[in-house]
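Data block below; observations after.
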Amino acid sequence: MLRRGLMISKDIFRKRILSKNVEVMNIQRYLATAKTSPRKTPTSPPPSSLTGGYTPPPSIIVPEKQFPNPSLKGTDLMQLIHSEQISRFPIEHAKLLKKTGKDRIIPGDVLLVESYTNRTNLSSVSTFAGICIAIRRRGIETSFTLRNVILKVGVEQRFAAFSPMIKSIKILARGEGYRRAKLYYLRDQPGKAFKIASMIKKLKAAQQKTNN
Numbered sequence: 001m002l003r004r005g006l007m008i009s010k011d012i013f014r015k016r017i018l019s020k021n022v023e024v025m026n027i028q029r030y031l032a033t034a035k036t037s038p039r040k041t042p043t044s045p046p047p048s049s050l051t052g053g054y055t056p057p058p059s060i061i062v063p064e065k066q067f068p069n070p071s072l073k074g075t076d077l078m079q080l081i082h083s084e085q086i087s088r089f090p091i092e093h094a095k096l097l098k099k100t101g102k103d104r105i106i107p108g109d110v111l112l113v114e115s116y117t118n119r120t121n122l123s124s125v126s127t128f129a130g131i132c133i134a135i136r137r138r139g140i141e142t143s144f145t146l147r148n149v150i151l152k153v154g155v156e157q158r159f160a161a162f163s164p165m166i167k168s169i170k171i172l173a174r175g176e177g178y179r180r181a182k183l184y185y186l187r188d189q190p191g192k193a194f195k196i197a198s199m200i201k202k203l204k205a206a207q208q209k210t211n212n
């Protein structure tokens, strides 16, 4: 029994040595072929003449640049957007809505507002004239309220000053003798609104003379 065990252990030992020798020989052969074999150069794609001159379209379509990149760093994003929106309007339009300045609108002024009824058809314009009884100055969100008497009925309309639907704002007359910031008490004094119709007639007559 002891002899058989020794014989088996010797056979196992020989097999392990042979397997290691085979592995070493395989490694040596691999290194020898790697040194002698030349490197394969990457194959270039076929020319466009072989593919019929077809060029694939770009995978990503980059839209055209519409707005400039913000040049100011560390500023409020919404404030920058509001300033860009206001800069698109004419300078005269922005002067009327400033908090300070001699050209600004104040409560009591008689205004004529021309607004578009449809943005797809810019020829359709509606007009409304009235006394400014209130104005709210909040940058791009500035708004004002006009009051007029039409067919003996008091009519008020509120306008967003920087709305794209506004075509123009004209001052027909400056308000005098008003001390309050809100002139809501004019609702009880409709007689002052009848003068607006005569102002509009004079403005239209002056425009006709200049056109002729």
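Counting in full-length UniProt numbering, the sequence shown runs from 1 upward without gaps. All C-beta atoms in this analysis are idealised placements derived from N, C-alpha and C, irrespective of residue type, glycine included.
Integer-rounded CB distance, given that residue j should sit under 8 Å from residue i
{"i": "residue 110", "j": "residue 129", "result": "7 Å"}
{"i": "residue 140", "j": "residue 105", "result": "That pair is no contact at about 16 Å."}
{"i": "residue 112", "j": "residue 103", "result": "Not really, about 16 Å apart at Cβ, beyond 8 Å."}
{"i": "residue 85", "j": "residue 162", "result": "7 Å"}
{"i": "residue 150", "j": "residue 159", "result": "Contact flag wrong, Cβ pair sits at about 16 Å."}
{"i": "residue 172", "j": "residue 133", "result": "Not a contact, Cβ separation roughly 15 Å."}
Paired residues, beta bridge with residue i - DSSP
{"i": "residue 116", "result": "125"}
{"i": "residue 152", "result": "DSSP output for residue 152 lists no bridge partner at all."}
{"i": "residue 145", "result": "134, 158"}
{"i": "residue 111", "result": "130, 171"}
Reference residue i, options the options, closest by Cα
{"i": "residue 176", "options": "170, 164, 107", "result": "107"}
{"i": "residue 100", "options": "90, 209, 137, 125", "result": "137"}
{"i": "residue 114", "options": "164, 181, 169", "result": "169"}
{"i": "residue 178", "options": "200, 131, 142", "result": "131"}
{"i": "residue 188", "options": "210, 199, 76, 155", "result": "155"}
{"i": "residue 126", "options": "183, 157, 143, 142", "result": "157"}
{"i": "residue 145", "options": "183, 120, 81", "result": "183"}
{"i": "residue 164", "options": "181, 87, 68, 204", "result": "87"}
{"i": "residue 195", "options": "117, 148, 210", "result": "148"}
{"i": "residue 142", "options": "83, 197, 180, 124", "result": "83"}
{"i": "residue 81", "options": "210, 69, 92, 90", "result": "69"}
Where the alpha helix (DSSP H) through residue i begins and ends
{"i": "residue 102", "result": "First-last for residue 102: undefined, no H or E at that position."}
{"i": "residue 77", "result": "77-87"}
{"i": "residue 92", "result": "91-96"}
{"i": "residue 181", "result": "From DSSP, residue 181 is part of no alpha helix (DSSP H); its letter is neither H nor E."}
{"i": "residue 200", "result": "195-211"}
Span of the beta strand (DSSP E), counted from its first residue to its last, around residue i
{"i": "residue 173", "result": "166-173"}
Any non-hydrogen atom of the ligand SAH within 7 Å of residue i CB
{"i": "residue 146", "result": "As far as ligands go, the structure on display features none, and thus does not contain the ligand SAH."}
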